[in-house]
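This note's numbering numbers the first residue of the sequence shown as 1058 and each following residue consecutively.
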Amino acid sequence: MDQFILTVFLALFVIQFAIEFGLNELNLRQVEKSSGKNAIPEAFHGKIAAQDYARSIEYTLSKARFQRWSALYGSAVLLIVLLSGLLDMVDRWSAQWAGSFSFASYSQGIIFCGAVGAILTLSALPTELYSTFGIEAMFGFNKTTVGLYLSDKLKELVLGLLIGVPFLLVVLWLMDIMGRAWWLWAFAFIVAFQFLMIVIFPTFIAPWFNKFEPLREGELRRRILALAEQIGFTTSGIYSMDGSKRSAHSNAYFTGIGKSKRIVLFDTLIDQMSTAQGLAVLAHEMGHYKMKHIHRMLWVQVVFLFGALYILSLLIGYAPFFAAFGLTPSNHGALILFSLVSGPFTFFLAPFMNGLSRKHEYEADRFAAITLHDGTAMEEALINLTVKNLSNLTPHPWYSLYHYSHPTAVERINAIRQLSL
Ligand SMILES: [Zn+2]
């Protein structure tokens, strides 16, 4: 049976790899074909300089060519971790190490998960470093210094120890003492934990990495306050963030629930946009709030979590699941193994989640255009963002259908033009 499980896993692994590698190749070809000035989409005629368009093509191609290697490398790392006996070795080593502590089985679990986490994090470093200090720097986007990069990594490690270890301990403890219904208890705990994190993250964790300040006085702020009042959004939740200390890319997002909800505009975005464009971006983010998009996404995740834990509860008592990857059955082993092998079994869900996310983006665009009685400001904001970020104007439709959480700028502009305002 363990041979069968391994075969199914490998078959799905190859299918996922082939689909994602193939989509990247399709996208590459499409963008190469679109490199001529004549291929600039109609919505961008007269809005993007020929040299900016050429740069956006070069940037997209550089990322897609690098993606070939990082996909191969990432897959190789995962297969080595799963099939080389490494997990079993780490497990034995954790048991030896934990033997000297009280609560040896929990200590072993924590050490095991920490060690696997460290192996995966370290092995992801080369691609991460090349992407940040290679490609992003080449196109003038990277502003992260080596010092900042190291301090970010250190902070992430501290957070992992401070939040991750207690979280893992509770889950392992529930698995240990709650009998067959452990997964229902774990489900309740993880959902509560997630909601707590959504509240804590914007107010306590994100400020550790970035400076958040109320928008500075001026016309943009005045008009935003008026808009927020009209819509019923508490204006204490609108911030500017110093994104420019890491990257020249610009963005805006809406996060949090209840009192912790906030709209965050990158300083790079505020600097590059006119007041009308900035206001349109803000109206779009308020649209996400008004239409409860965060809530809907959270519910979908809760349903997925419920299903995942149920499946894990079945696998945990099934010895061939562990034997297929050369591991001795244990609670911590089940957690790690489950998270490592789940990709090929769930990758087909991602396009559906992206589809839902794209639907939300259209809705927020429409909300912004209708609220402001003006679609052109939103259009201009999208064009501005796309040009400044050198975003791909001509992705292959299958590629964007699979990977994009936002519709392409051209799709969004066309949708806005079809509204009767
Ligand atoms: Zn949005």
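Where is the CB? At the ideal position from N, CA and C, for every residue including glycine.
Distance, Cα to Cα, residue i vs residue j?
{"i": "I1220", "j": "T1385", "result": "27 angstroms"}
{"i": "S1307", "j": "F1395", "result": "36 angstroms"}
{"i": "E1089", "j": "L1118", "result": "8 angstroms"}
{"i": "T1403", "j": "R1423", "result": "32 angstroms"}
{"i": "G1390", "j": "G1383", "result": "11 angstroms"}
{"i": "K1347", "j": "A1340", "result": "10 angstroms"}
{"i": "K1445", "j": "T1189", "result": "18 angstroms"}
{"i": "G1364", "j": "L1231", "result": "18 angstroms"}
{"i": "I1393", "j": "L1229", "result": "12 angstroms"}
{"i": "L1080", "j": "D1233", "result": "43 angstroms"}
{"i": "V1398", "j": "L1139", "result": "8 angstroms"}
{"i": "T1064", "j": "G1315", "result": "47 angstroms"}
{"i": "Q1073", "j": "P1401", "result": "6 angstroms"}
{"i": "E1274", "j": "A1238", "result": "55 angstroms"}
{"i": "I1320", "j": "H1352", "result": "15 angstroms"}
{"i": "A1407", "j": "I1176", "result": "25 angstroms"}
{"i": "F1311", "j": "F1378", "result": "40 angstroms"}
What does the Cβ neighbour count give for residue i, buried or exposed, with the cut at 16 atoms within 10 Å?
{"i": "S1157", "result": "exposed"}
{"i": "E1185", "result": "exposed"}
{"i": "F1061", "result": "exposed"}
{"i": "P1454", "result": "exposed"}
{"i": "M1235", "result": "exposed"}
{"i": "K1318", "result": "buried"}
{"i": "S1457", "result": "buried"}
{"i": "F1361", "result": "exposed"}
{"i": "P1464", "result": "buried"}
{"i": "I1470", "result": "buried"}
{"i": "N1095", "result": "exposed"}
{"i": "S1151", "result": "buried"}
{"i": "E1276", "result": "exposed"}
{"i": "M1146", "result": "exposed"}
{"i": "F1409", "result": "exposed"}
{"i": "T1451", "result": "buried"}
{"i": "I1247", "result": "buried"}
{"i": "E1193", "result": "buried"}
{"i": "A1047", "result": "This structure does not reach residue 1047, given that the chain is present from 1058 up to 1478, and the question cannot be answered."}
{"i": "Y1116", "result": "buried"}
{"i": "G1191", "result": "exposed"}
{"i": "K1210", "result": "exposed"}
{"i": "S1387", "result": "buried"}
{"i": "H1345", "result": "buried"}
{"i": "M1330", "result": "buried"}
{"i": "K1268", "result": "exposed"}
If I follow the unbroken beta strand (DSSP E) through residue i, where does it start and stop?
{"i": "Y1419", "result": "Careful: Y1419 lies outside any beta strand (DSSP E), inside the alpha helix (DSSP H) at 1407-1429."}
{"i": "P1271", "result": "1269-1271"}
{"i": "I1320", "result": "1319-1323"}
{"i": "Y1296", "result": "1295-1298"}
{"i": "V1066", "result": "As written in the sequence, residue 1066 is Phe, which differs from the Val given in the question. Element bounds for F1066: not the beta strand (DSSP E) but the alpha helix (DSSP H), 1059-1090."}
{"i": "A1309", "result": "1309-1312"}
In chain order, what residues of the same chain lie with their CB nearer than 8 angstroms to the CB of residue i, ignoring the 5 residues before and after it?
{"i": "L1476", "result": "R1423, A1426, I1427, G1432"}
{"i": "L1272", "result": "R1278, I1281, I1295, Y1296, S1297, L1322, I1327"}
{"i": "K1212", "result": "W1265, F1266"}
{"i": "F1224", "result": "F1250"}
{"i": "V1367", "result": "Residue identity check: residue 1367 is Tyr in the sequence provided, not Val. W1240, listed in sequence order."}
Give me, in chain order, the residues of the same chain whose beta-carbon lies closer than 7 angstroms to that of residue i; leave out the 5 immediate sequence neighbours on both sides.
{"i": "A1380", "result": "D1059"}
{"i": "A1472", "result": "Y1419, D1422"}
{"i": "L1369", "result": "W1240, A1391, F1395"}
{"i": "V1222", "result": "I1167"}
{"i": "L1069", "result": "P1401, F1402"}
What residues in its chain sit with their C-beta under 6 angstroms from that of residue i, if we drop five residues either side in the sequence?
{"i": "M1343", "result": "I1288, F1290"}
{"i": "S1180", "result": "V1134"}
{"i": "H1417", "result": "H1350"}
{"i": "S1414", "result": "S1462"}
{"i": "P1098", "result": "L1450, V1467"}
{"i": "L1447", "result": "R1112, S1113, Y1116"}
{"i": "Y1459", "result": "L1080, P1408"}
What residue range does the alpha helix (DSSP H) around residue i cover?
{"i": "E1276", "result": "1276-1288"}
{"i": "S1164", "result": "1161-1186"}
{"i": "I1368", "result": "1350-1372"}
{"i": "E1468", "result": "1466-1474"}
{"i": "M1254", "result": "1239-1257"}
{"i": "E1213", "result": "1203-1216"}
{"i": "H1460", "result": "1454-1460"}
{"i": "H1463", "result": "No alpha helix (DSSP H) holds H1463; DSSP gives it neither H nor E."}
{"i": "F1379", "result": "1376-1380"}
{"i": "S1304", "result": "Segment: none, S1304 is in no alpha helix (DSSP H) and carries neither H nor E."}
{"i": "M1330", "result": "That residue, M1330, is in no alpha helix (DSSP H); it is neither H nor E in DSSP."}
When you compare the CB of residue i with every CB in chain C, is at least one pair closer than 9 angstroms?
{"i": "V1203", "result": "Checking the listed chains, one finds no chain C in this structure; it contains a single protein chain."}
* Flag this pair as touching only if the stretch 1155-1174 and the stretch 1105-1116 have three or more C-beta atom pairs under 8 angstroms; answer yes or no. => no
* **Cβ pair count under 8 angstroms reaching 3, the stretch 1253-1268 against the stretch 1192-1204** => no
* Asked: Touch check for the stretch 1330-1344 and the stretch 1434-1453: three-plus C-beta pairs under 8 angstroms?
  -> yes
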